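Engineer: Provided herewith is a single structure, encoded as structure tokens, for subsequent inquiry.
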Amino acid sequence: MCDAADTEHMFCKCVQRTCKTCVQCLPRFTGGNNVFIWMDDGCVNHLVYAVIWNSNDVLHQHRQNYKTIRLREDTEVMGGLFREGQWITAKEWEHDKDNSFKRQVSSFRDTVTDSTDAKFQPEDGRYHLYVSYACPWAHRTLIVRELMGLEESISISVVHPYMGDDGWSFDTSDSEVIPDPIIEAEFLRSIYVEAKSDYTGRVTVPVLWDRKEHTIVNNESREIIRMMSKGFDRIARRERNLCPEHLEEQIDKAIDEIYEPINNGVYKCGFAGSQEAYNTAFKTLFDALDHWEDVLGKQRYVCGDTLTEADVCLFTTLLRFDPVYYVHFKCNKKAISDYKNLSGFLRELYQMPEIKKVCNMDHIKRHYYGSHPQLNPKGIVPLGPELHLDAPHGRDS
Ligand SMILES: N[C@@H](CCC(=O)N[C@@H](CS)C(=O)NCC(=O)O)C(=O)O
Numbered sequence: 011m012c013d014a015a016d017t018e019h020m021f022c023k024c025v026q027r028t029c030k031t032c033v034q035c036l037p038r039f040t041g042g043n044n045v046f047i048w049m050d051d052g053c054v055n056h057l058v059y060a061v062i063w064n065s066n067d068v069l070h071q072h073r074q075n076y077k078t079i080r081l082r083e084d085t086e087v088m089g090g091l092f093r094e095g096q097w098i099t100a101k102e103w104e105h106d107k108d109n110s111f112k113r114q115v116s117s118f119r120d121t122v123t124d125s126t127d128a129k130f131q132p133e134d135g136r137y138h139l140y141v142s143y144a145c146p147w148a149h150r151t152l153i154v155r156e157l158m159g160l161e162e163s164i165s166i167s168v169v170h171p172y173m174g175d176d177g178w179s180f181d182t183s184d185s186e187v188i189p190d191p192i193i194e195a196e197f198l199r200s201i202y203v204e205a206k207s208d209y210t211g212r213v214t215v216p217v218l219w220d221r222k223e224h225t226i227v228n229n230e231s232r233e234i235i236r237m238m239s240k241g242f243d244r245i246a247r248r249e250r251n252l253c254p255e256h257l258e259e260q261i262d263k264a265i266d267e268i269y270e271p272i273n274n275g276v277y278k279c280g281f282a283g284s285q286e287a288y289n290t291a292f293k294t295l296f297d298a299l300d301h302w303e304d305v306l307g308k309q310r311y312v313c314g315d316t317l318t319e320a321d322v323c324l325f326t327t328l329l330r331f332d333p334v335y336y337v338h339f340k341c342n343k344k345a346i347s348d349y350k351n352l353s354g355f356l357r358e359l360y361q362m363p364e365i366k367k368v369c370n371m372d373h374i375k376r377h378y379y380g381s382h383p384q385l386n387p388k389g390i391v392p393l394g395p396e397l398h399l400d401a402p403h404g405r406d407s
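The sequence shown begins at 11 in this note's numbering and counts up one residue at a time.
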């Protein structure tokens, strides 16, 4: 509890770094009414919380004085985003003109490589990875980090599964959260403005941070996994090659083919803005699953008989499908357990010790069912289904 005088909280300080106490105080002031407002105090890095009692007079008075005042309805909030360094909450995801869910293009696109003149060289202990166990994109990077033996070289922070109006947080009330060692951030968004004070965009995981340059190297999972399987090779502790030269083109093509209809396709079903957009996404998704079911009936992995990055990219969506996407995103034509080859493939990868170690079904379910109030207003997490991921996978022969 904050012990400063109440009046000081009316326009209290920075919530991002210095004023943790006031954030903790909020429930005391709002009395559960959700009538506190957010304001911009003119500083691009720091937002000001002003706590207003349920009074229109006070609200009106402040509207004269501040350029951004907005009432906030907790139950409708869908995370948030930055506009030129200012944090705003959002009620809905962005949609394309045809009402389909639009995923933002990642902003930080530098590369860790081995070449002598590279700004970002692979070095033990230099990089830090911010992930969510729940997120399929971040999960890719966690898996590749394990498979390549980079756990000792690249440290990690894990966010809380619930993504609310402050975005991802490092709230340690969940014992599996790993806090931020770089700036001791309370929310992941602080990492973004630390790297770029006028950042515009959503605050997503994964994020690869460079301790030496004190900045974000990259926040695009596909590029991060490629760095881990190639750029970090010099310091990787395992011999594995998830992107052999002769397969690179095929791997890229497979990742492309899986991305839009499947990885992003489940989100396009779940966050469709119209029946037509949902119908299209649904058909595209199940056509693609049928295609890969067929491919995996003829070969063990996505690109033949070698485990590659493309398998990891397919795996993270398959793992979440039956417990989450089938119900929450209305992807209910078939479950993965109805597909012989896809389900065997899912179990085989799940049973690899490096992969199993970084699968966290509790975080996955709590995140999706708890963080999308427009889809699941009460946040109730289904208890099923039973997944049997440890059953024999039958992929050896
Ligand atoms: N293109 C990104 C997408 C990452 C992404 O969308 N992550 C989601 C979690 S599943 C996120 O952090 N969303 C937070 C938000 O949009 O506010 C990647 O593949 O790395």
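No residue lacks a Cβ here, since even glycine has one placed at the ideal position from N, Cα and C. Keep in mind the model is a prediction, meaning the values are calculated, not measured.
1. With DSSP collapsed to three states, give me the class of Leu139.
2. On a Cα-Cα basis, can you pick out the residue from Val154, Val169, Pro387, Gly241 that is closest to Leu359?
3. How about Tyr378 and Val334: do their beta carbons lie closer than 7 angstroms?
4. Figure out for me which residue from Ile346, Asn229, Ile365 has the closest Cα to the Cα of Val276.
5. For Pro191, which of helix, strand or coil comes out of DSSP?
6. Taking 6 angstroms as the cut-off, does the CB of Glu267 come closer than this to any heavy atom belonging to ligand 1?
7. Taking the C-alpha atoms as reference points, what is the distance between Leu397 and Tyr311?
8. Suppose you measure from the CA of Tyr349 to the CA of Asp304; what does that come to, to the nearest Å?
9. For ligand 2, I want to know if Gly89 counts as a neighbour, meaning its beta carbon is within less than 6 angstroms of at least one of the ligand's heavy atoms.
10. Regarding Glu186 and ligand 1, is the C-beta to nearest heavy atom distance less than 6 angstroms?
11. For a test of the three-state rule: what should DSSP assign to His301, helix, strand or coil?
12. Does Arg330 pass the burial test, meaning 16 or more other C-beta atoms within 10 Å, or should it be called exposed?
13. Is there contact between the segment 251-263 and the segment 169-177, where contact requires at least three CB pairs shorter than 8 angstroms?
14. Kindly list the residues whose CB is nearer than 6 angstroms to the CB of Ser117, restricted to its own chain and excluding five residues on each side of it in sequence; keep chain order.
15. What's the C-alpha gap between Phe180 and Ile374?
16. Do Gly380 and Gly389 have their C-beta atoms within less than 7 angstroms of each other?
17. Classify Arg136: buried if its beta carbon has 16 or more other beta carbons within 10 angstroms, exposed otherwise.
18. Going by beta carbon distance, what residues of the same chain come within less than 8 angstroms of Asn370, once the five residues before and after it are set aside?
19. At the 7 angstroms Cβ level, is Val391 part of the contact set with chain B, yes or no?
20. Assuming Leu399 contacts Arg357 (C-beta within less than 8 angstroms), just tell me the rounded distance between them.
21. Going by other Cβ atoms of all chains shown within 10 Å of its Cβ, with 16 needed for buried, is Asn64 buried or exposed?
Structural biologist: According to the structure data:
1. strand
2. Val154
3. yes
4. Ile346
5. coil
6. no
7. 21 angstroms
8. 10 angstroms
9. Although ligand 2 was asked about, the structure shown includes only ligand 1 as ligands.
10. no
11. helix
12. buried
13. no
14. Gly211
15. 16 angstroms
16. yes
17. buried
18. Tyr143, Ala144, Glu186
19. Absent here is chain B; the protein component of the structure consists of one chain.
20. 6 angstroms
21. Residue placement at Asn64 is poorly supported in this model, since its pLDDT is 36, which falls under 50; the coordinates still yield a value, given next. Exposed, because fewer than 16 other Cβ atoms sit within 10 Å of the Cβ of Asn64.
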